[in-house]
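Each protein sequence line maps, in turn, to chains A and B. Numbers in the numbering used here are just positions in the first sequence, counted from 1, shifted up by 8. Numbers in the numbering used here are just positions in the second sequence, counted from 1, shifted up by 8. Idealized CB from N, CA, C, for every residue including glycine. All figures in this text were calculated on a predicted structure; none of them were measured in a lab.
Number of protein chains: 2
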Amino acid sequence: MNSQSEEDYLKAIYHLEMDYDSISTNSVADYLNMKPSSVTDMLKKLADKKYINYQKYKGSSLTKKGKLIALSIIRKHRLWETFLVDKLGFGWDQVHLIAEQLEHIKSEELIENLDDFLGNPKYDPHGDPIPNKEGKIEKMNQKLLVELKIQQEGIITGVKKGTASLLSYLDKEKIKLGDSIKVIEVLEFDGTFIVEINNRKLTFSEKICQNLLLETYD
Amino acid sequence: MNSQSEEDYLKAIYHLEMDYDSISTNSVADYLNMKPSSVTDMLKKLADKKYINYQKYKGSSLTKKGKLIALSIIRKHRLWETFLVDKLGFGWDQVHLIAEQLEHIKSEELIENLDDFLGNPKYDPHGDPIPNKEGKIEKMNQKLLVELKIQQEGIITGVKKGTASLLSYLDKEKIKLGDSIKVIEVLEFDGTFIVEINNRKLTFSEKICQNLLLETYD
DNA sequence: ATTTATTTTTAGACAAGTCTAAAAATAATA
DNA sequence: TATTATTTTTAGACTTGTCTAAAAATAAAT
Ligand SMILES: [Mn+2]
Ligand SMILES: [Mn+2]
Ligand SMILES: [Mn+2]
Ligand SMILES: [Mn+2]
């Protein structure tokens, strides 16, 4: 049985591996708001358990075993988030901290029953794919809006980390996850995007475009 | 913020106070499968926090503050049990251990939304009353079937602790919580009860009658 | 190629929560 | 009441997960 801490570390390393090749001790510390010395201790323990490949001073990576555990925690996290939004009426910007706790509840049966109860959803309220029981997860062809060319289309799947306030703005503009978005024009002067969503033309600042994630059709 | 351990101790003391006047260190240790020395340590901490009245060698009792915390944990426990049975299709005999974990999730809003989602239930799947947000709990006029006189009626609310197998028997006989039960006859020879449930006459051994809890109308 | 800066690990400490073994207090029995 | 048994507390140890401060390794800059 793995502790809550161990699970959070494995999840952190998994997320960092999405963005970087080699995972440094400091990057894990930053991610988890922990001191590097604490991280070193935990990395040693996770390596003992064969959940990560850890070489002193060189960095870490998940083993197959560790990756499966990380994915099972992410599965639970995203299913609980879906429950909180779909069934309990929470907003997508309110569920993360609660799911951070719920993801550690130990019961195989619980999570499978929850999955069925929710209608076996494929995406969580932030548009992130939910891994299946076997740890298979859809690899998203995800791009930032700012990376799209004129006339290119995509489906809104989420926002970048640390931009929760963007969610409220989208809400206010009645823009939801799953909405289709098409680039009409880009102003060279300040990088402003003119886009079309739900048959409406809207103007997005460059900053918004740098933080809005889309799934594209290529 | 109270730890999971502190919450479990407070809940244990609350339950013990239902059955006994003075709560001994050893009784808490037995209840939680812990060593008495560990309990002493925790009792001191809970007393420091003004959650219990603790006097060396004399025993403990919950303060108003401690009782409110215990009741809030019990509220969460019973709401989660209701969720697991009503929404996720668990049996009443499968939910306790999972609720034992879920009861410690920290979020006021979560539990109030869950309460609404479940339709503000008054009783959990074992027939135990669910405390309200303010810590008010219905005092059940609960009796064992064996205590009823001939012609007296009651509503099945649960079974005594440690008799989980009785639940399966009742299930098999299509008897549910909330069913009304009436004593028709008591055989003096062996204490067998003849009762009426759902317009059926049934025979219950004395042992069953000593473990079946009813709410009576007096 | 040295020197300097950064990253990472080690060493040692601490809090929480548990345990065992022994001492002290209380209760039961002779 | 004196002795014995039981309950409860104390003393000291251990594990987990965290921290600070210092040392060691690696990377960057002169
Ligand atoms: Mn977590
Ligand atoms: Mn999410
Ligand atoms: Mn618990
Ligand atoms: Mn219950």
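- Chain-order list of chain A residues neighbouring B/I113: I106, Q109, L110, I113, by C-beta distance under 9 Å.
- For A/F201, no CB of chain B lies under 8 Å from its own CB, so it is not counted at the interface with that chain.
- In this structure, DSSP gives A/N61 an extended state, which the three-state scheme calls strand.
- Pairing B/E117 with B/K141 gives a Cβ-Cβ distance that is not under 8 Å.
- Counting along the chain, the unbroken beta strand (DSSP E) around B/V194 starts and ends at 188 to 194.
- For A/N128, not one C-beta of chain B is nearer than 8 Å to its own C-beta.
- One residue list follows from the rule of a beta carbon closer than 6 Å to any heavy atom of ligand 4, given in chain order as B/R86, B/E89, B/D132, B/H134, B/D136.
- Here DSSP, grouped into helix, strand and coil, assigns A/Y39 to helix.
- Under the Cβ criterion (8 Å, minimum of three pairs), the segment 156 to 163 of chain B counts as touching the segment 188 to 202 of chain B.
- Against chain A, the beta carbon of B/N121 has neighbours under 9 Å at L92, K95, L96, G97, F98, listed in chain order.
- Taking non-hydrogen atoms of ligand 3 into account, the C-beta of B/D29 is found less than 7 Å away from none of them.
- A/S80 is the residue among A/Y62, A/S80, A/K95, A/K58 whose C-alpha sits nearest the C-alpha of A/D16.
- For A/T165, the uninterrupted beta strand (DSSP E) segment begins and ends at 161 to 167.
- When the alpha-carbon of B/N219 is set against those of B/L152, B/E14, B/L195, B/L185, the nearest one is in B/L152.
- For B/L87, not one C-beta of chain A is nearer than 8 Å to its own C-beta.
- The beta-carbon distance between B/D136 and B/R86, rounded to whole angstroms, is 6 Å. This is short enough to meet the 8 Å contact definition.
- Around A/L175, no beta-carbon contact reaches into chain B at under 9 Å, the shortest distance being about 17 Å.
- Cβ contact annotation for B/T171 (same chain, cutoff 6 Å, sequence separation greater than five): N219, in chain order.
- Residues are counted here when their Cβ sits less than 7 Å from a Cβ of chain A; for the segment 124 to 153 of chain B these are F125, given in chain order.
- Summarising the contact set, residues whose Cβ lies nearer than 6 Å to any heavy atom of ligand 1 are, in chain order, A/D16, A/E108, A/E111, A/H112.
- By the Cβ test, the segment 65 to 74 of chain B is in contact with the segment 31 to 41 of chain B, since at least three Cβ pairs between them sit closer than 8 Å.
- One Cα belongs to A/E108, the other to B/M50, and the distance between them is close to 27 Å.
- With fewer than 16 other CB atoms across the displayed protein chains lying within 10 angstroms of its CB, B/D27 is exposed.
- The Cβ-Cβ distance between B/I138 and B/K130 falls below 8 Å.
- A direct Cα-Cα distance of roughly 18 Å separates B/V194 from B/T224.
- The beta-carbon of A/L118 is placed less than 8 Å from the nearest beta-carbon of chain B.
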